[in-house]
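The numbers in numbering that gives the first Met the number 0 rise by one with no breaks, and the one at position 164 of the sequence shown is 163.
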Amino acid sequence: MYRSFLSVSGLTLLSRLTGFLRDVMLSGLVGAGMMGDALAVAMRLPNHFRAIFGEGAFNAAYVPTYLRVYEKSDIWAARHFANQIFTLLLIAQIVILALGWMFMPGFVHLMAPGFAADPEKFDLAVRLTRITFPYLFCVTLVTMHSATLNAHGKFAVAAFAPVLLNVVTMAFLAVAFLFPNAAYAAAAGVTASGLAQLALLMFSARRLRLMEKIARPTLSADVRAFFRMFGPAVIGSSGLQIAMFADTIIGSMLNTGGMSSIYYAERLYQLPIGLVGVAAGTVLLPEMSRCFAREDWEGAFTAQNRTLGMTFALTAPFVVAFMVIPDVIVRALFQHGAFQAGDSLATAAVLRAYGSGLVAIVAINALRSGFQAMGDTKTPMLVSLGALAINLLLKILLYKPLGAVGIALATSANAWINLAALAIIGLRRFLFQPDDILKGVTLAAATAAVVLANIALWLQSPFAALGARMGVFGSLIALALFGLVGLVVYGGAMIGGCRALGVTAQQLGLGRLVLKRRGAA
Numbered sequence: 000m001y002r003s004f005l006s007v008s009g010l011t012l013l014s015r016l017t018g019f020l021r022d023v024m025l026s027g028l029v030g031a032g033m034m035g036d037a038l039a040v041a042m043r044l045p046n047h048f049r050a051i052f053g054e055g056a057f058n059a060a061y062v063p064t065y066l067r068v069y070e071k072s073d074i075w076a077a078r079h080f081a082n083q084i085f086t087l088l089l090i091a092q093i094v095i096l097a098l099g100w101m102f103m104p105g106f107v108h109l110m111a112p113g114f115a116a117d118p119e120k121f122d123l124a125v126r127l128t129r130i131t132f133p134y135l136f137c138v139t140l141v142t143m144h145s146a147t148l149n150a151h152g153k154f155a156v157a158a159f160a161p162v163l164l165n166v167v168t169m170a171f172l173a174v175a176f177l178f179p180n181a182a183y184a185a186a187a188g189v190t191a192s193g194l195a196q197l198a199l200l201m202f203s204a205r206r207l208r209l210m211e212k213i214a215r216p217t218l219s220a221d222v223r224a225f226f227r228m229f230g231p232a233v234i235g236s237s238g239l240q241i242a243m244f245a246d247t248i249i250g251s252m253l254n255t256g257g258m259s260s261i262y263y264a265e266r267l268y269q270l271p272i273g274l275v276g277v278a279a280g281t282v283l284l285p286e287m288s289r290c291f292a293r294e295d296w297e298g299a300f301t302a303q304n305r306t307l308g309m310t311f312a313l314t315a316p317f318v319v320a321f322m323v324i325p326d327v328i329v330r331a332l333f334q335h336g337a338f339q340a341g342d343s344l345a346t347a348a349v350l351r352a353y354g355s356g357l358v359a360i361v362a363i364n365a366l367r368s369g370f371q372a373m374g375d376t377k378t379p380m381l382v383s384l385g386a387l388a389i390n391l392l393l394k395i396l397l398y399k400p401l402g403a404v405g406i407a408l409a410t411s412a413n414a415w416i417n418l419a420a421l422a423i424i425g426l427r428r429f430l431f432q433p434d435d436i437l438k439g440v441t442l443a444a445a446t447a448a449v450v451l452a453n454i455a456l457w458l459q460s461p462f463a464a465l466g467a468r469m470g471v472f473g474s475l476i477a478l479a480l481f482g483l484v485g486l487v488v489y490g491g492a493m494i495g496g497c498r499a500l501g502v503t504a505q506q507l508g509l510g511r512l513v514l515k516r517r518g519a520a
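If you want it as structure tokens, here you go:
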């Protein structure tokens, strides 16, 4: 399981790094004004749907059902089930694509009602979203192929696919002079990347003889079971994404630039969410589903605890970075070209607010997997609805006095409420059983984070001065060196903390990886 986790995390890191390069190009070419606000709305749509379907609801319903059919029958029964779901998805996406093109102005008005006060911005958002909308068709089919590959333990290709979104978009930005402006180039790149991702996943599925085919859809017992899980899973797994849709709606009512600051801050804090949280959920769900199907309760809870421990350990340094030095990060990555100093300060404030809920956001996937692996998607749905109601109330109360920061704070509060409710219910239903190893790793990570925070506060001024003296790319170089120092400090404190608490590599399940590396050497 750890090897799959690290494989997904590594490829997700590549995706996020190329995503940063893409956003650096966007910030320089598009900026944080009217054009940036309109593009933010157009690009949020495919990003949200990828998270809802690819990283949540679809996997939650499809993977356990597919594996149950496979375990109880055979591969042919599982393939027949997959073909039926694929056909239904294909039909649904064709209908949605047609409706989206026809009613796009109404759809944009629903997503960003504040844009109605600026007809030029609204019209640009409609045109850009029309260009990006076909990406949804591609990404839904990509999700289907990815889920089938994940169910068979093949994670690498699906984890690599998002890299194409960034690479292809950057290629289109490089020839932005061929388009009316850079925003049009970016929107066209998003849709082109969807086609590239779909081609890659289809090739991989066909090579492994797992390619879905069009079949006559029937409401078999397995298909009905899928939809009974899928409906609640859409809500349960997408609470955070629904909250971000609310961010778009309410953010559109902010002054020009507010929507852009939310977009750029969101792009930064999505790094650990994808690197840790999504990877944890992607790998853990099939693992726990197999264990529960075989009634291996100890194996399921061990996998969950080790995944949660790794989640906390890997997320803590990001929390420190986003809470303590967000201005340093934003200036180094985005402040150039059309992105000015004031934009950096606004984005940094939003990033700090998002960082306050980061641990909860990445841990939700691991806790939710315990329910989903048992076929219970209703409980996460009800928890998500309750947290979402509070979240929306907080956004309405906070967006006027605090602006974009208030919107981000409400999203973080939503994540903590969601996590706390899942933990309490999971404990009562014996779907979450924390052990001493998880407690030890959590305490070690918290202690190492405090050490790192103090070092970051002490070193931020010297590194800022170093960056100022190093020329055009000085801030980026200084940030990279700052990160390297922080990695050494945090890693040393984390290892020392684990040893002091008696937590060993073998107890974490890492012993076999160490032995394999030594054997290879």
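Idealized CB from N, CA, C, for every residue including glycine.
Please state the DSSP three-state secondary structure of V174. Coil at V174, not helix or strand.
Burial state of I363, where buried means 16 or more other Cβ atoms lie within 10 Å: buried
Go through its chain and collect everything with a Cβ distance to A312's Cβ below 7 Å, but skip five positions before and after it. Answer for A312: V440, A444 and M493, listed in chain order.
Check this for me: beta carbons of G356 and S411, under 8 Å apart or not? yes
Provide the residue span of the alpha helix (DSSP H) that contains R215, from first to last. Careful: R215 lies outside any alpha helix (DSSP H) and carries neither H nor E.
May I have the straight-line CA-CA distance separating A182 from Q303, to the nearest angstrom? The alpha-carbon atoms of A182 and Q303 are separated by roughly 42 Å.
CB contact below 8 Å: L12 versus chain B: Going by chain labels, chain B is absent from the structure shown, which holds only one protein chain.
Tell me whether T255 sits in a helix, a strand or coil according to DSSP, three-state version. Three-state result, T255: coil.
Go ahead and pull the three-state DSSP assignment for M469. coil
Can the beta-carbon of G298 be found closer than 8 Å to that of G369? no
Enumerate, from N- to C-terminal direction, the unbroken beta strand (DSSP E) stretches of 3 or more residues contained entirely within the stretch 132-175. Along the length of the stretch 132-175, whole beta strand (DSSP E) runs at least 3 residues long do not occur.
Between I395, W457, V449 and L478, which lies nearest to G542 when the distance is taken from Cα to Cα? The structure shown does not extend to residue 542, since the chain spans only 0 to 520, so no value can be given for it.
When the Cα of A220 is compared with those of A320, D295, F102 and I84, which residue comes out closest? I84
Inter-stretch contact at 8 Å, needing at least 3 Cβ pairs: the stretch 63-79 / the stretch 213-228: The stretch 63-79, when compared against the stretch 213-228, does touch it at the 8 Å Cβ threshold.
Between the CA atoms of A198 and L209 - distance to the nearest angstrom: 14 Å
Limits of the alpha helix (DSSP H) - the one that P379 falls within: K377 to L401
Integer-rounded CB distance, given that A352 should sit under 8 Å from L391: With 8 Å as the limit, L391 and A352 do not qualify as a contact, their Cβ atoms being about 16 Å apart.
Can you tell which of F429, A420 and A348 has its C-alpha closest to the C-alpha of M373? F429
Return helix, strand or coil for E211, following the three-state DSSP convention. In the structure shown, E211 adopts coil according to DSSP, grouped into three states.
If you run the structure through DSSP and keep just helix, strand and coil, what is V502? coil
Let me know the secondary structure DSSP gives A526 once reduced to three states. The structure shown does not extend to residue 526, since the chain is modelled only from 0 to 520, so the question has no answer here.
Quick one: any contact between the stretch 334-343 and the stretch 308-322, if contact means 3 or more CB pairs under 8 Å? No, they do not touch.
Contacts around T503, its chain only, beta-carbon distance under 6 Å, and the 5 residues preceding and following it disregarded: none
P179 (DSSP reduced to helix, strand or coil): coil
Just to check my reading of the structure: T128 and V141 have Cβ atoms closer than 8 Å, yes? What is that Cβ distance to the nearest angstrom? Not really, about 20 Å apart at Cβ, beyond 8 Å.
Is R511 buried or exposed, if buried means 16 or more other CB atoms sit within 10 Å of its CB? Here the model assigns R511 a pLDDT of 47, short of 50, so the residue's position is not dependable, and the following value carries that caveat. So R511 ends up on the exposed side.
Cβ atoms of I261 and L89: under 8 Å apart, would you say? no
Could you check the C-alpha separation between A185 and A245 for me, to the nearest Å? 23 Å
Using only the alpha-carbon positions, how far apart do Q339 and G30 sit? 8 Å
May I have the straight-line CA-CA distance separating L172 from M24, to the nearest angstrom? Whole-angstrom Cα-Cα distance: 7 Å.
Rounded to a whole number of angstroms, what is the C-alpha to C-alpha distance between L442 and T86? Rounded to whole angstroms, L442 to T86 spans 48 Å at the Cα level.
Quick check: what's the CA-CA separation for R516 versus S14? Confidence in R516 is poor, its pLDDT being 41 and thus under 50, which makes the residue's placement unreliable; the coordinate value appears in the next sentence. When rounded, the distance between both Cα atoms is 26 Å.
Could you check whether H144 and A204 sit closer than 8 Å to each other, using their CB atoms as the reference points? yes
In angstroms, rounded to a whole number, what distance separates the CA positions of L253 and L207? 49 Å
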